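Worksheet: one structure, shown below.
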Amino acid sequence: MSTGSTPGSPARPTPRPTDQADVRRHNAALVLGCVSSSGPLSRARVAAHTGLTRATVGTIVDELLAAGLVSEQGTRSASGIGRPGTDLVLRPDGAASVGLEINVDGIVVAVVDLGGTVRHRAARSGDLRDRTAAAVLRSAAHMVDDAVAVAYDLGLPVRGIGVAVPGLVDLGEQVLRLAPNLGWTDVAVVERLRFYAVTHWPCPVVLDNEANLAALGELWRGGHLSTDSFVLVNGDVGVGAGVVLDGALHRGSRGFGGELGHLTVAPEGPDCRCGARGCLEQVAGLDFILRQAGVRDAPRTGEDAVTPLLTRLRRGDERAIAAVRQAGEALGVGVAALVNLFDVDTVVLGGVFAPLFPWLDEPLQAVVRRRVLSAAWAPLTVRPSDLGRDAAVIGAAYAPLRDLLADPLTVVEESA
Ligand SMILES: [Zn+2]
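Residue numbering for the sequence shown follows this note's numbering, beginning at 5 and increasing consecutively.
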C-alpha cells in the first residue's frame, strides 16, 4: 500500500504474479476476498472457492489470523463425519480507517471499521468559501487527529486515511488541482494535512474526488444494488458524478472524469464559477434550488442547509416544489447524457439529492424518457443513496481499506 495508490482503480488482485512473493500476495488477497465476500467459510470451502490447495489456504489463514484480519467462528461438522471444521469470518475490528470529507459547506470525519460500520462520526458545518485553504485544512487535520485517537480508544488499528474533496484531483501527485466552488487551485492537501496534524499518522493518506469516493462508498455499503454498473450523482453546491462500470470506478485517462456539474445544459445560461456558462450545477445545485425556492433563512451549512427547504416541500409550498422540479429537469438532461453514453441502468442520487429524491424523481425521469434513445427498451432505475449525505465520507474511509483487502500481506508483515 502506498500513498500514491489509486483508491478507485479496479480492484487490483489480478495482475499475473511473476515470482514467489507476488504469488503469495496474490493468494492472500484471494483468500481474504473470499472470506470477506462469502464468509463464514471453512478452510476447505475457501480452497474450493479459490482453487488453491488446502495446504496453501492453511498457511495463509494462519497469517491472516495472526494479523487479526480474520477470526474463527464456532465449530461445525458439515457432514457429521470426520474432524469438525471451524468457519472463518472477516474480523470487523481487525482494521479501520478514517474518512475525511471537505466540502463547500463543512467538514465531516468518520471512523469506519473493516466490516463497514461507522464507529465514530463528527461534523463541523460552515460555509468554507469564507475561509482560506490553510484554515480549513488545519481544522480538518485536527478533526482527523481526534478521530485517530477515538479509533485508538476503541481498539481499532487505523490502516489508512481517505480524503474526499470537491474538485479535480491529480492522483499521482495527490494534489487538488482545482475546486471551483472553494476557489482553491493546486493545493497539496495530503502534505498540508500531515503538516498541520498534531500527531504523526503512521498510515497512508489517499486523496480523491468526492463523487468518485461517494460511488465507492455506494459500491461498498450502499446495498440493494442489483447491478454493478451505475452512476452516483452527488449533489451539493456543486454536482459531481462517479461512474462505476462492471464494479470498477471509471475516472478517465487522467483521473479527472465525472465532472457532471460542468456539463453544459444551457449554453447561454448563468455564469459558473469554473469560468464557463450554463453548467448543470448552476441550474441544479443547492445554491440554485435554495435561491429559486426563496429559502433565505437556510444557514447554507451542510447538515442544516436543506432542512428549511424540506419543511416547505413537505407542507406543499408551491415555490419550493417548482424549484426542485426545475432542478430535477436540469438533472434529467445531465443524467440522460450519461445514460446515452454509458448505458448504465441505475442512477443513485447522493448528497442533498438523496433527501430531495421524492420531489426530484418524477421530473428527472420524465426528461430521461424523452432524451434517452434506448428508454423504451431499457428502463432506468433512479434511487436515493442509502448512505444519504455520508456516501463520500464512507467511500473515503473505504479507499484505504480496499487497498488493504487487495494486499493484506502489508498488515501481515507489519504484525509479524
Ligand atoms: Zn462550470
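Cβ coordinates follow ideal geometry from the N, Cα and C atoms, glycine included.
Just so we're clear, the structure is a prediction, and the values are computed from it rather than from any experiment.
{"Query": "Leaving out five residues on either side along the sequence, give the residues of the same chain with a beta carbon under 6 Å from the beta carbon of Ile106.", "Result": "Ala144 and Val169"}
{"Query": "Here's a check: name, in chain order, each residue in its chain whose Cβ is nearer than 6 Å to the Cβ of Gly338, leaving out the five neighbours to either side.", "Result": "Leu264, Leu267 and Leu284"}
{"Query": "Are the stretch 154-170 and the stretch 206-226 in contact at 8 Å, needing three or more beta carbon pairs?", "Result": "yes"}
{"Query": "What residue from Leu172, Arg181, Val108 and Leu236 has the CA that sits closest to Leu220's CA?", "Result": "Leu236"}
{"Query": "Going by the CB atoms, is the gap between Leu197 and Thr189 shorter than 8 Å?", "Result": "no"}
{"Query": "Taking only heavy atoms of ligand 1 into account, decide whether any of them is closer than 7 Å to the Cβ of Ala288.", "Result": "no"}
{"Query": "Which runs of the beta strand (DSSP E), 3 residues or longer, sit entirely within the stretch 326-369?", "Result": "350-355"}
{"Query": "So, at 7 Å on beta carbons, what are the nonlocal neighbours of Leu351 in its own chain, with the 5 sequence-adjacent residues on each side left out?", "Result": "Residue identity check: residue 351 is Val in the sequence provided, not Leu. Excluding residues within five positions, the ones whose Cβ falls inside 7 Å are Phe234, Val235, Val237, Val339, Leu384 and Val386."}
{"Query": "Excluding the 5 residues flanking Ala334 on each side, which residues of the same chain have their C-beta closer than 7 Å to its C-beta?", "Result": "Val269, Leu284, Val287 and Ala288"}
{"Query": "Using a Cβ-Cβ cutoff of less than 8 Å, which residues in the same chain neighbour Val65 once the five nearest sequence positions on both sides are dropped?", "Result": "Val35, Arg47, Val50, Val74 and Leu92"}
{"Query": "In the DSSP output, which residue or residues are listed as bridge partners for Arg29?", "Result": "Beta-bridge pairing links Arg29 to no other residue."}
{"Query": "Which partner residues does Phe260 have in the DSSP bridge list?", "Result": "Answer is none; Phe260 lacks a bridge partner."}
{"Query": "Report the rounded CA-to-CA distance for Ile325 versus Arg373, giving the unit in angstroms.", "Result": "21 Å"}
{"Query": "Cα separation between Val140 and Met147?", "Result": "11 Å"}
{"Query": "So for Arg406, helix, strand or coil by DSSP?", "Result": "helix"}
{"Query": "Thinking Val115 and Leu104 are a contact (beta carbons under 8 Å), I'd like their distance in whole angstroms, please.", "Result": "Incorrect: roughly 11 Å between the Cβ atoms, too far for contact."}
{"Query": "How would you write the range of the alpha helix (DSSP H) that Asn238 sits in, first residue to last?", "Result": "Per DSSP, Asn238 belongs to no alpha helix (DSSP H); it is in the beta strand (DSSP E), Phe234 to Gly239."}
{"Query": "Report the three-state DSSP secondary structure of Thr315 (helix, strand or coil).", "Result": "helix"}
{"Query": "Alpha carbon to alpha carbon, how far is Glu76 from Gly86? Give it in angstroms, no decimals.", "Result": "In this prediction, Gly86 scores a pLDDT of 47, lower than 50, which makes its location untrustworthy; no coordinate-derived value is stated."}
{"Query": "Considering only their Cβ atoms, is the gap separating Glu214 from Ser389 smaller than 8 Å?", "Result": "no"}
{"Query": "What is the residue span of the alpha helix (DSSP H) that Asp157 lies within?", "Result": "Ala137 to Asp157"}
{"Query": "Can you have a look at Asp354 and say buried or exposed, based on whether 16 or more other CB atoms are within 10 angstroms of its CB?", "Result": "The amino acid at residue 354 is misidentified as Asp; the sequence shows Gly. Burial call: buried."}
{"Query": "Measuring alpha carbon to alpha carbon, tell me which of Leu160, Ala341, Ala192 and Val310 ends up nearest Ser129.", "Result": "Val310"}
{"Query": "Of all residues in the structure, which have a C-beta closer than 5 Å to any heavy atom of ligand 1, taken in chain order?", "Result": "His266, Cys276, Cys278, Ala280 and Cys283"}
{"Query": "Which stretch, first to last residue, makes up the alpha helix (DSSP H) that contains Ala215?", "Result": "Glu214 to Arg225"}
{"Query": "For Arg387, report the span of its alpha helix (DSSP H) as first-last.", "Result": "Careful: Arg387 lies outside any alpha helix (DSSP H), inside the beta strand (DSSP E) at Thr385 to Pro388."}
{"Query": "What does the Cβ neighbour count give for Trp224, buried or exposed, with the cut at 16 atoms within 10 Å?", "Result": "buried"}
{"Query": "Check whether the Cβ atoms of Val241 and Asp109 lie closer than 8 Å to each other.", "Result": "yes"}
{"Query": "For the beta strand (DSSP E) that Asp411 lies in, which residues bound it at each end?", "Result": "Looking at the DSSP string, Asp411 is not in any beta strand (DSSP E), and its letter there is neither H nor E."}
{"Query": "Write down the C-beta distance between Leu290 and Gly239 rounded to the nearest angstrom, noting that I regard them as a contact closer than 8 Å.", "Result": "7 Å"}
{"Query": "In this structure, does DSSP put Ala168 in helix, strand or coil?", "Result": "strand"}
{"Query": "Among Ala126, Asp26, Val371 and Val39, which has the Cα closest to the Cα of Ala153?", "Result": "Ala126"}
{"Query": "Give me the Cα-Cα distance between Gly244 and Pro367, rounded to the nearest whole angstrom.", "Result": "19 Å"}
{"Query": "Give the straight-line distance between the Cα atoms of Ala155 and Val299, rounded to the nearest whole angstrom.", "Result": "39 Å"}
{"Query": "For the stretch 33-112, list the alpha helix (DSSP H) runs that are entirely contained and at least 4 residues long, ordered along the chain.", "Result": "47-54 and 58-70"}
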